[in-house]
Amino acid sequence: YGTDTLADVEALCARTAEKLGGRADARQSNHEGQLVDWVHEAREHHCGIVINPAAYSHTSVALLDALQACE
């Protein structure tokens, strides 16, 4: 992932969102259920989701279903 820290990535996202007239809401969890809950919350309150599901991209049907519901 390079030398950038999570804080570096969050700051970059915040700056980019501000330039576009929005705001970034950065979250991190190692718990699948928490990620699913946040995806459902984002559907109600945000206009987009950027996610790095890491290993969950291979194993999480629940996370996939939550993301597909956003389409």
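Numbered as in the numbering used here, the sequence shown ends at 54 without a single skipped number. C-beta atoms are modelled at their ideal positions from N, C-alpha and C, and glycine is treated no differently.
Spatial neighbours of residue i within its chain, please: C-beta separation below 7 Å, excluding the five flanking residues on both sides.
i     : result
His23 : Ala49
Asp20 : none
So what does DSSP say about residue i, is it helix, strand or coil?
i       : result
Val44   : helix
Glu54   : coil
Asp(-9) : helix
Ala49   : helix
If you drop the 5 nearest sequence neighbours on each side, which residues of the same chain put their C-beta closer than 8 Å to that of residue i?
i       : result
Thr(-1) : Ala7
What I want to know is whether the C-beta of residue i ends up closer than 7 Å to one or more non-hydrogen atoms of the ligand NAP.
i     : result
Glu15 : Absence of the ligand NAP is noted for the structure shown, with no ligands found whatsoever.
**Request:** Would you mind listing the alpha helix (DSSP H) stretches within the stretch -5 to 31 that are 4+ residues and don't spill past its ends, in chain order?
**Result:** 15 to 28
**Request:** Flag this pair as touching only if the stretch 38 to 53 and the stretch 1 to 11 have three or more C-beta atom pairs under 8 Å; answer yes or no.
**Result:** no
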